[in-house]
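K.L.:
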Amino acid sequence: MDPVTRRRFLLASGVAGGAALAAGAAGLSLAELLRSADREPSPTSGGPDKVVLVTLYGGNDGLNTVIPYADPGYAAARPELAYQPEEVLRLDDALGLNPMLPGLRRMWDDKRLAIVLGVGYPRPDRSHFRSMDIWQTASPAEPVTTGWVGRWLDGTNAPLEAAVSFEPVLPPMLVGRSRIGACVSYRGLSLPSWVDADLVTALGRAEPGEPEMQRHAAASYGDLVTMAHVLQETEHPGTTPDATLDAPAAATGTGGGNELTAQLALVTRCIEAGVPTQVYSVSLGGFDTHAEELSGHEFLLKQLDDALTNFVAAMARTPGGQNVTVVVYSEFGRRVRANASDGTDHGTAGPVFVLGPRVVGGLYGEQPSLLDLDDGDLKASTDFRAVFGTVLASVLQADPARYIEGYGGSLLPFISPS
Amino acid sequence: MSDDVALLLRRAGFGPTAAELAAARKAGYTATVSTTLFPPGPDIGASRAPIPQLGRDPFAGLTNPSEAQRATADERRRAQAEQLSRWWLDRMTVADHQAAEKLVFFWHGHWATSITKVKSPQLILAQHRTMRQAGDIGALAHGMVVDPALVHWLDGQLNAKDAPNENLARELFELFLLGIGQYGETDVKEAGRTLTGWWIDLGGERTVFDPRRHDPGTKTVLGVTGRLDAHGLVELLLRHSACPRFIASRLWFRYASSADPIPAEVQERMAAQFPDPRAMLRVLFAEDVFRATAGTMVKQPVEWLVGAMRQLGVQPADAPAETMTQILDGLAGLGQRPFTPPSVGGWPSGAAWLTSAAANVRLTLAAKLARLLDPGRMSPEDVAYLLGIDRWTDRTYAVLREVTNTRLLLTLGLVSPEYLVT
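Protein chains in written order, with our numbering: chain C, 26 to 443; chain V, 2 to 423.
1) Taking a contact to mean a Cβ-Cβ separation below 8 Å, would you say C/Phe378 touches C/Gly83 in this structure?
2) Let me see if you follow: with CB-CB separation under 8 Å, is V/Ser357 close to chain C or not?
3) Determine, using beta-carbon pairs with one atom in the region 308-319 of chain V and one in the region 278-286 of chain C, whether at least three such pairs fall under 8 Å.
4) Use the C-beta contact count for C/Ser203: other C-beta atoms within 10 angstroms, 16 or more gives buried, fewer gives exposed.
5) Are V/Ala142 and V/Leu239 touching if we call contact CB-CB under 8 Å?
6) Considering V/Ile201, what are the terminal residues of the beta strand (DSSP E) in which it resides?
7) Mind checking V/Ser121: buried by the 16 CB within 10 Å criterion, or exposed?
8) How far does the alpha helix (DSSP H) with V/Ala359 in it reach, from first residue to last?
9) Cβ atoms of V/Ala113 and V/Ser350: under 8 Å apart, would you say?
10) Using DSSP with H/G/I as helix, E/B as strand and the rest coil, what is V/His109?
11) 8 Å is my cut-off, CB to CB: does C/Gln288 come that close to chain V?
12) CB-CB under 8 Å to V/Asp4, same chain, minus the five flanking residues each way: which ones, in chain order?
13) Taking 8 Å as the cut-off, does the region 375-389 of chain V touch the region 352-360 of chain V (at least 3 CB pairs, one atom from each stretch)?
14) Beta-carbon of C/Arg131 versus every beta-carbon of chain V: anything under 8 Å?
15) So what does C/Thr350 bridge to, in DSSP terms?
16) My parser needs the alpha helix (DSSP H) runs of 4 or more residues fully inside the region 283-318 of chain C; what are they?
17) With 8 Å as the C-beta to C-beta threshold (strictly closer), list the residues of the region 294-308 of chain C near chain V in chain order.
18) Is V/Pro342 buried or exposed, if buried means 16 or more other CB atoms sit within 10 Å of its CB?
19) Where does C/Asn182 land, buried or exposed, given buried means 16+ other C-beta within 10 angstroms?
20) Looking only at C-alpha atoms, which of V/Ser258, V/Glu304 and V/Glu206 sits nearest to V/Leu126?
21) Quick one: measure Cβ to Cβ for C/Gly121 and C/Ile92, integer angstroms, because I've assumed they're closer than 8 Å.
22) I think C/Pro197 touches C/Gly172, with their Cβ atoms under 8 Å apart; what is that distance to the nearest whole Å?
23) Using a Cβ-Cβ cut-off of less than 7 Å, give me the residues of the region 135-161 of chain C that come near chain V, in sequence order.
24) Any beta-carbon of chain C closer than 8 Å to the one on V/Trp89?
25) Enumerated in chain order, which unbroken segments of the alpha helix (DSSP H) with a length of 4 residues or greater are wholly contained in the region 110-191 of chain V?
26) If we require 4 or more residues per run, which alpha helix (DSSP H) segments fall completely within the region 98-140 of chain C?
27) Residues of the region 229-254 of chain V with a CB closer than 8 Å to any CB of chain C: list them in chain order, please.
28) Buried or exposed for V/Thr31, going by 16 or more other Cβ atoms inside 10 Å?
29) With 8 Å as the threshold, decide whether the Cβ of V/Ile181 is near any Cβ in chain C.
30) Are V/Leu421 and V/Trp305 closer than 8 Å when you measure CB to CB?
31) Relative to the C-alpha of V/Gly198, which candidate in V/Ala161, V/Asn166, V/Leu169 and V/Lys220 has its C-alpha closest?
32) From the DSSP output, read off the bridge partner residues of V/Ser344.
33) According to DSSP, is C/Gly358 part of a helix, a strand, or is it coil?
34) Going along chain C, which residues have a C-beta under 7 Å from V/Leu151?
35) Within the chosen definition, does the region 420-435 of chain C reach the region 33-46 of chain V through at least 3 CB pairs nearer than 8 Å?
36) Any C-beta of chain V within less than 9 Å: which residues of the region 235-249 of chain C qualify?
Structure, rendered in structure tokens:
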């Protein structure tokens, strides 16, 4: 079955979590990806603009990320979960960052962090799986079969390596009608010593007329052998598959892994090598904090802050890094009022972070009111399509209206003209 | 027709041995559907892998544990969790009633609950027993809504009337019983109220209802108003017309095709057999469209491993402990350690299992299995017979013909694209 038909089914059947989608994923090995760098004219020029999309799975609590510490309604709505004004990392006299985000606070000082406030979409859907699908397909009104990056791949006739996911499975965002971003694995990447590479290579050749899944299976052996060679020269950035067992687990699993640092290390490696990829997709899971939220959420935000800080530092050391913009989003925020489990349930609007050398730091959009709520939920003040549209226009030099249905907004000026 | 029988056994169970396949072919497709789903007599094979007695949760009774007590209890939980995973793999391998085992595995992926959050092996085992023993889907749903592991996983034990937690309520609608599009946000909020008041008795491995924390007021869910409680809510969902169709579509997704949607007529015929899951599967297996899905499903790692162990005649309980630990680590590397689903939505499907990194882990795992045998001399044809493969592609056959070492031959057979897809 072709990827488009498959995707349509997944959407129709309501199982289109990112996890279910990988069946259509194009196989591209890290080796092939790194080799594609050879086609770049000059790795020192910095190359084309790039965007790194960081997906936070589970619905990040936006109110405890960018905190309206001065609003008395904030502490009143969530007495056990609220931060004191003196704890937050102040941005201005109304908003402050969570104390676990000192790295982002430094980027703020450097004017390289933009925070888009109150981002959401009309008639919010509170299912993790459906809402993530809405963000990734950029189609709130009705399910569609393609993601917004995938449509850009289609429209630009992009090569396979133009968009790459280092997530555990390929996200719907990267699925186009005729093109699909590559899903590159980052675990266990060297061939066992006892096996003859020629045998595995031979096992990896597709046979004419072979069923699609069998062909995929064969291709995975071909990729393995190519990768084994290249990775002998590459430092292995992986963490152990069991690492999840050691993390505090207050949240229900809803997708994404906990290896954001490892994923960003691979992005770093690719950018340093001058790979012509323009869109990278990485993720962090665990934000579904219905109970005992405070410690679990802090642990996750610290992971995010550490990973982004390291990544930004690495980018500063490489010419290609000057053209990298990072966007951090989640499928929804949490409810304003805490529940009786010291957690929060599925809500609506939340902040989006945009950071990098080309970013014009500051606040964008409007912080939703804590008094004017929609049945207990924040009202979105910025449509997420304006954020992704700006990324398309200002980073990927593409016409947003062409790739985002119903896009009518003017650009948000969070990227300086190149 | 012979290929249909092989497909049936591979999908209904974990992978038939050569002897089972030969006997089933002799009996024919229709008879095999019946004996597979409704086997006569007790499961003799499974009696070699009785459910383990874990004793009490190491944290039960520790109200204010010291650092040392905590470390000891954590270590015991880790060991018991491993014991549990090994036991289940063992049980899947030795059970004669393969369809029953596969169905428990299906329910584990459906009411997906991870020990990484629940922590207590005792609660996870209690949930497993409930899945194993539930008479039908109704009984299972009533068991799950108050199951301590599921309740803990979805934060139900902290759900009190003053501000209900919606985690369990939402997933009952979306993932467990109805599917997206059959309910509204108000239904979820109201359902959260019906589920208030339960706490977990760790030592007793059960949930306990505390009326003081329960919201006894009137709720309106899916247009029905009343003093609903947890079981009342589940009854309402089970009676909803979407529920049988939703379960039918999930069975189709795991047993027939994770790529093509369930045909409407098949869905209706299966739904008519609700709430008996085996009767629903009997309808599915009789359909021509089921047989037409041959060659489209990628084996999940547990299916692949258990099938291989059955066909090679390896019983996990007899394998060296160290090897079994490596095998469990390998399953984690492939992304499917038992009792550890990645998301409340369950395990992925299709090409998600076919990354090059997985190819590598699979090679290593297959070699470990082959090393447990003393296979003597074998030809590629012998390997195909042993693993129940209809025929090798020219590609794989050419590779296997090059190999003289029988263990390597078996290893390559186990990782072959033909063996990974059913």
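Virtual Cβ for every residue (Gly too), placed ideally from N, Cα, C.
P.N.:
Short version:
1) C/Phe378 is not a Cβ neighbour of C/Gly83, given a cutoff of 8 Å.
2) Residue-level contact check: V/Ser357 touches chain C, since one or more beta carbons of chain C fall below 8 Å from its beta carbon.
3) Taking 8 Å as the limit for Cβ pairs, the verdict is that the region 278-286 of chain C does not touch the region 308-319 of chain V.
4) C/Ser203 counts as exposed, since fewer than 16 other C-beta atoms from the protein chains shown sit within 10 angstroms of its C-beta.
5) Going by C-beta atoms, V/Ala142 is nearer than 8 Å to V/Leu239.
6) Run containing V/Ile201: Trp199 to Asp202, per the beta strand (DSSP E) assignment.
7) Note on V/Ser121: 16 or more other CB atoms within 10 angstroms of its CB, so buried under the neighbour-count rule.
8) First-last of the alpha helix (DSSP H) with V/Ala359: Ser357 to Arg372.
9) Pairing V/Ser350 with V/Ala113 gives a Cβ-Cβ distance that is not under 8 Å.
10) V/His109: helix per DSSP, three-state reduction.
11) Taking Cβ atoms only, chain V never reaches closer than 8 Å to C/Gln288, which makes this a no.
12) Excluding positions up to five away in sequence, the list reads Ala295 and Asp391.
13) With a cut-off of 8 Å, the region 375-389 of chain V and the region 352-360 of chain V do not count as touching, because too few Cβ pairs lie within range.
14) Not closer than 8 Å to any Cβ of chain V, the Cβ of C/Arg131 fails to qualify, so no.
15) Here C/Thr350 is bridged, per DSSP, to C/Val76.
16) Qualifying alpha helix (DSSP H) stretches, in chain order: 285-298.
17) When C-beta distances to chain V are compared with 8 Å, every residue of the region 294-308 of chain C stays at or above that value.
18) Buried, since its Cβ has 16 or more Cβ neighbours within 10 Å.
19) Exposed, by the Cβ-count rule.
20) For V/Leu126, the closest of V/Ser258, V/Glu304 and V/Glu206 by C-alpha to C-alpha distance is V/Glu206.
21) Right, their Cβ atoms sit about 5 Å apart.
22) Separation of the CB atoms of C/Pro197 and C/Gly172 is rounded to 5 Å, and the pair is thereby assigned contact status at 8 Å.
23) Within the region 135-161 of chain C, the residues whose Cβ lies closer than 7 Å to some Cβ of chain V are Arg151, Ser152, Phe154 and Arg155, listed in chain order.
24) With 8 Å as the cut-off, V/Trp89 does not count as an interface residue toward chain C.
25) For the region 110-191 of chain V, whole alpha helix (DSSP H) runs of length 4 or above, ordered along the chain, are 116-119, 122-134, 138-146, 149-154 and 168-172.
26) Counting whole runs of 4 or more residues, the region 98-140 of chain C contains the alpha helix (DSSP H) stretches 127-134.
27) Within the region 229-254 of chain V, Ser250 and Phe254 place their CB atoms closer than 8 Å to a CB of chain C, listed in sequence order.
28) The residue in question, V/Thr31, is exposed, as its Cβ has fewer than 16 Cβ neighbours within 10 Å.
29) Using a Cβ-Cβ cut-off of 8 Å, V/Ile181 counts as an interface residue toward chain C, since at least one Cβ of chain C sits closer than that to its own.
30) In this structure, the beta-carbon distance from V/Leu421 to V/Trp305 falls below 8 Å.
31) Per the Cα distances, V/Ala161.
32) In the DSSP assignment, V/Ser344 is bridged to C/Thr279.
33) It is coil, neither helix nor strand.
34) Taking a Cβ-Cβ threshold of 7 Å, none of the residues of chain C is close to V/Leu151; the smallest such distance is about 11 Å.
35) Cβ pair count under 8 Å is below three, so no.
36) Of all residues in the region 235-249 of chain C, those with a C-beta nearer than 9 Å to a C-beta of chain V are Glu235, Pro236, Glu237, Met238, Gln239, Arg240, His241, Ala242, Ala243, Ala244, Ser245, Tyr246, Gly247, Asp248 and Leu249, reading in chain order.
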